[in-house]
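Protein chains: 2
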Amino acid sequence: MEHSQIHRVTVADQAAGILRQRILEGELRPGTPLPEIPLAESMGVSRNTMREAVRILSIEGLLKRNIHRGVRVAQLSLRDVQEIYHLRRILEISAVHAAKRGRPEVFQELRAAVDGYEEAVRSRDWAKAVGWDLQFHTLLIRFHGNRRLESFYQKVIGELRMGMVLVDRSHDNPGGLVPVHRKLYQLLVAGKLKQCAAILAQHLDDSESRFGRIMAGESSHPGWQSKRANSARSRKLSTRADGRGIPAVAE
Amino acid sequence: MEHSQIHRVTVADQAAGILRQRILEGELRPGTPLPEIPLAESMGVSRNTMREAVRILSIEGLLKRNIHRGVRVAQLSLRDVQEIYHLRRILEISAVHAAKRGRPEVFQELRAAVDGYEEAVRSRDWAKAVGWDLQFHTLLIRFHGNRRLESFYQKVIGELRMGMVLVDRSHDNPGGLVPVHRKLYQLLVAGKLKQCAAILAQHLDDSESRFGRIMAGESSHPGWQSKRANSARSRKLSTRADGRGIPAVAE
DNA sequence: ACACAACAATTGTTCAACACTTGACAACTT
DNA sequence: AAGTTGTCAAGTGTTGAACAATTGTTGTGT
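Protein chains in written order, with the numbering used here: chain A, 68 to 318; chain B, 68 to 318.
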């Protein structure tokens with residue numbers, strides 16, 4: 068999906084990928100402890116390999132490592148959310164201003180993201196809707212044409228997404244954001260970047276305040292902790308990234 | 068220096084820190100291969116621990132890992148340099164605009180960076196000069212008050228610094244940049260942010276073109292490769308980060 | 001209640017082996 | 001001679017088992 072090249076990856080990378088997916092999809096909720104041995108066994112990898120995977124995800128900010136006290140799925144504080152939205156404002160808005168010389172393929176993908184979003188909302192699939200929503204914003208960053216920025220932004224969006232799984236969007240966000248995205252897209256293709264940036268800024272402010280409000284209410288009682296979320300699945304991982312060998316977690 | 072708390076770190080983290088320092092100080096030049104076993108032995112840690120350290124640095128972009136073909140100190144391409152300066156423009160300029168509500172301590176540190184820079188240039192200590200130069204720019208980012216941005220920027224500056232060790236500044240940069248930094252500082256404290264941003268943009272452009280020119284000339288013949296840069300030092304690392312236990316590489 | 005010592009649980013680290021890739025070189029075919 | 005195939009050594013990827021170090025707890029004594 069990213070590079071058309073078939074490149075091998077290590078088992079540790081695959082394990083990290085699977086764990087990442089589980090976290091981002093909400094199967095592993097913030098605060099969940101992840102003891103090494105059961106975790107390694109549940110994925111059919113050795114403890115050392117799992118440690119490498121955990122190291123990767125803790126650098127990404129998805130896991131929090133307390134020395135000699137184990138690893139947990141990270142929990143975003145209110146400040147974290149503010150930081151992330153601060154970043155989004157800086158990076159997305161400047162990206163819009165760089166859209167003048169954006170390659171057409173990006174516009175196509177943006178269109179697909181808008182459509183996908185709308186479709187997901189129509190079918191009440193909130194998880195998928197959040198996915199397309201964030202995909203849209205991630206695509207904006209592509210206008211910068213900066214690989215480092217893209218990977219950094221993806222990391223940040225990942226953290227945000229991890230925090231989002233806590234909120235039940237079904238009765239919160241009635242999908243009213245579809246028109247906003249569509250409007251942003253239209254202004255973008257029309258080259259009205261100034262106006263687009265303005266609406267985007269507003270959109271981000273709204274999104275932050277809504278998210279922040281929810282967090283402020285939720286954060287007092289840390290009742291999100293599942294005792295154990297790993298049934299012993301002994302599927303082994305292979306070194307090849309040819310699709311097979313990666314036991315997809317869901318979907 | 069960051070948190071006043073004395074926190075323990077793992078040996079893998081220490082090993083990564085030492086390797087990072089060696090790379091950033093130019094002891095390990097871009098392209099240098101780093102075979103696992105000798106590297107681990109030279110630091111007195113096990114191979115697995117060293118693998119974790121290597122993993123850390125390759126995520127930071129300082130090492131490049133080729134699966135089954137070993138690890139090398141990363142080399143920046145011209146595009147990499149362009150990317151990095153693009154980031155610097157975005158992040159530093161917007162940081163200057165956020166300096167209005169900057170905390171006074173940051174200004175103090177900026178002042179110290181300018182003075183340190185000047186002092187280093189006076190004593191012809193180019194390595195230290197580069198350090199203070201980059202320190203100044205890193206401090207600008209502090210105005211954003213964003214931890215994620217700071218660590219990201221530090222990572223990026225690290226990559227740049229790694230590339231900079233290749234150029235012999237002694238006959239290139241005659242330290243003529245001291246006045247620029249001082250001017251930037253003065254405009255900053257005077258609150259003339261608009262003007263400061265303009266000069267900063269100019270400064271970054273100059274810096275990039277100078278660097279790019281040097282790289283374009285140098286990159287054709289990859290003669291930067293030391294066969295082996297590790298004399299067997301069997302100093303063991305400890306788990307405590309109390310200063311002792313970390314065999315400082317240089318300084 | 002408080003201090004303090006033994007303890008179980010878990011993480012941090014090491015070690016030694018084996019499996020798998022890769023690049024190089026030799027043997028072979030045409 | 002050029003190109004193909006086979007073998008081999010070196011290095012990385014992965015594993016499993018052990019040991020060391022740290023933390024929280026439990027229990028004991030005062």
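Note that the Cβ used here is the ideal one computed from N, Cα and C, for glycine as well.
In the DSSP assignment, Val78 (chain A) falls within the alpha helix (DSSP H) that extends over Val78 to Leu91. By the beta-carbon neighbour count (other beta carbons within 10 angstroms, threshold 16), Gly243 (chain B) is exposed.
Shown here for Arg156 (chain A): same chain residues with a beta carbon closer than 7 Å to its own, the five before and five after excluded, namely Ala268 and Leu271 in chain order. The beta carbon of Thr77 (chain A) sits closer than 9 Å to some beta carbon of chain B.
Under the three-pair Cβ rule at 8 Å, the segment 80-89 of chain B counts as touching the segment 122-130 of chain B. Glu159 (chain A) is a Cβ neighbour of Leu207 (chain A), given a cutoff of 9 Å.
Residue range Leu130 to Asn133 is occupied by the beta strand (DSSP E) that includes Leu130 (chain B).
Under the Cβ criterion of 9 Å, Ser161 (chain B) is counted among the residues facing chain A.
Around the beta carbon of Arg168 (chain B), a 10 Å sphere encloses fewer than 16 other beta carbons of the protein chains shown; the residue is thus reported as exposed. According to the DSSP secondary-structure assignment, Pro100 (chain B) is paired through a beta bridge with B:Arg139. Pairing Ala120 (chain A) with Ala79 (chain B), the inter-Cα distance amounts to about 14 Å.
DSSP places Asn115 (chain B) inside the alpha helix (DSSP H), whose first and last residues are Arg114 to Glu127.
Just measuring C-alpha positions, the residue of B:Ala166, B:Arg249 and B:Gly198 sitting nearest Val232 (chain B) is B:Gly198.
With fewer than 16 other beta carbons inside 10 angstroms of its own, Asp192 (chain A) counts as exposed. Annotation for Val256 (chain B): Phe174 place their beta carbon closer than 8 Å to its own, counting only its chain and skipping 5 residues before and after. Within chain A, the residues placing a beta-carbon under 7 Å from that of Leu154 (chain B) are Asn213, Arg215 and Leu216, ordered along the chain.
Nearest in C-alpha terms to Met282 (chain A), of all of A:Tyr184, A:Glu94, A:Lys131 and A:Gln142, is A:Gln142. Lys259 (chain B): not part of any alpha helix (DSSP H); DSSP gives it neither H nor E.
Counted as a single uninterrupted DSSP element, the alpha helix (DSSP H) harbouring Ser161 (chain A) occupies residues Leu145 to His164. From the beta-carbon of Ile85 (chain B), no residue of chain A is found nearer than 7 Å; the closest lies around 17 Å away. The C-alpha of Pro246 (chain A) is placed about 53 Å away from the C-alpha of Gly183 (chain B).
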